[in-house]
Amino acid sequence: MSIFSRVNEKIEKYPEGVLFSCDDFFEKNISRTAVLKSLERIEKTGKIKRVEKGFYYLPIKSIFGEIPISSNEYIKKFLYKDKEKIGYISGNNLYNRYGLTTQLSNLIEITTNTRKNKKYIGNICIKFIETKVPIKRESIKYLEILDILKNLNKISDGNITENYLKMKKNIEIFDLEDSLELLKFSEEYYPLFVSAILGSILEEKRFKKVQILKEKIAKKKTFFKLGIKLKNTIEWRIK
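Spelled out as structure tokens, the structure:
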């Protein structure tokens, strides 16, 4: 069977409207150039559509014509690679998911470990936030929470103290292991004020690590000016 036929046959197995990469077709003993030329030939027939270099999809056909690929499907390629998580949605859409704002944005922020330029699909702009924190499926729940704590005073149409209390409810249900993981990530990768916010939330659990953190923060001569006013926030140098 020719390389063109093999590529064409594999394309048939993809559902309509699902993004696939030219990397999916590269195999041992098969010329990459031949694969790329085959995809180019098939694209010219109109059978597949190219979203951007190296990425294609089978268009969904309806009585009104072809339906372009959805923004959600396109965004997936920046969140997963070979079924592994490589990014997560942050920014306004994350805050909305946690009930901290009613706003949804056409600007989709995705946090990844690699620097990327902005992408556009339809009226959606995708902006990438580079982080040094290793992104893994099991760590994302911690990173989402810490990102929110880091940006509590930047969330539009939200009251910072109310949002602090909402996040406190989310964090208080964590067990010892999860709480310690949160503390570890905050101390290793986030500004000190994030650890202060987290410490003020976890203080009631009386973890030894939280007490050590509190003693460290108490030595600061200045305050973190965030606009949160609660009983114990002053002790954590938060105003």
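Residue numbers (my numbering): 66 to 304.
The beta-carbon is built from N, C-alpha and C at its ideal position, and this holds for glycine as well.
In this structure, does DSSP put R115 in helix, strand or coil?
Residue numbering aside, residue 115 sits at position 50 when the sequence shown is read from its first letter. Three-state DSSP puts R115 in a strand.
* **Exposed unless 16 or more other CB atoms sit within 10 angstroms - verdict on V275** => Numbered from 1 along the sequence shown, position 210 holds the residue referred to as residue 275. It is buried - the Cβ of V275 has at least 16 other Cβ atoms within 10 Å.
- Message: I'd like to know whether the C-beta atoms of L214 and Y255 end up nearer to each other than 9 Å.
- Response: Position 149 of the sequence shown, counting from 1, holds the residue named residue 214. Position 190 of the sequence shown, counting from 1, holds the residue named residue 255. Yes. Within cutoff.
task = Determine, using beta-carbon pairs with one atom in the stretch 211-230 and one in the stretch 243-255, whether at least three such pairs fall under 8 Å.
result = yes
Boundaries (first-last residue) of the alpha helix (DSSP H) holding S244 | Here residue 244 corresponds to residue number 179 of the sequence shown, with the count starting at 1. From DSSP, the alpha helix (DSSP H) with S244 extends over L241 to Y254.
Please classify F91 as buried or exposed, where buried requires at least 16 neighbouring CB atoms within 10 angstroms. To locate residue 91, count along the sequence shown from 1; it is residue 26. Flag for F91 reads exposed.
inquiry  = So, under 8 Å CB-CB, L247 and L263 are touching, yes? Tell me the CB distance rounded to an integer number of Å.
reply    = Start at 1 with the first residue of the sequence shown, and residue 247 comes out as number 182. Start at 1 with the first residue of the sequence shown, and residue 263 comes out as number 198. With a Cβ gap of about 6 Å, L247 and L263 count as contacting.
In this structure, what does DSSP give as the bridge partners for C190? Along the sequence shown, read from residue 1 onward, the residue named residue 190 stands at position 125. Answer by DSSP bridge pairing, in chain order: L172 and Y185.
_When R162, T166 and I151 are compared against K181, the one with the closest alpha-carbon_ = Residue 181 sits at position 116 when you count from the first residue of the sequence shown. It is I151.
What is the DSSP secondary structure of I134, counted as helix, strand or coil?
The residue given as residue 134 occupies position 69 in the sequence shown. It is coil, neither helix nor strand.
Original post:
Since K233 and I282 are thought to touch, with beta carbons under 8 Å apart, how far apart are those beta carbons, to the nearest angstrom?
Top reply: Residue 233 sits at position 168 when you count from the first residue of the sequence shown. Residue 282 sits at position 217 when you count from the first residue of the sequence shown. At roughly 18 Å, the Cβ-Cβ gap does not stay under 8 Å, so K233 and I282 are not in contact.
Check: With 16 as the cutoff for other CB atoms within 10 Å, does R106 come out buried or exposed?
Finding: Position 41 of the sequence shown, counted from the start, is the residue given in the question as residue 106. With fewer than 16 other Cβ atoms within 10 Å, it is exposed.
Anticipated Cβ contact below 8 Å, N29 with L169, distance rounded
With the chain represented from 66 up to 304, any question about residue 29 goes unanswered, as that position is not in the structure.
Buried/exposed call for T42, threshold 16 Cβ in 10 Å:
Residue coverage of the chain in this structure runs from 66 to 304, which leaves residue 42 outside it and unanswerable.
The alpha helix (DSSP H) that contains K270, what's its start and end?
The residue given as residue 270 occupies position 205 in the sequence shown. First-last for K270: undefined, no H or E at that position.
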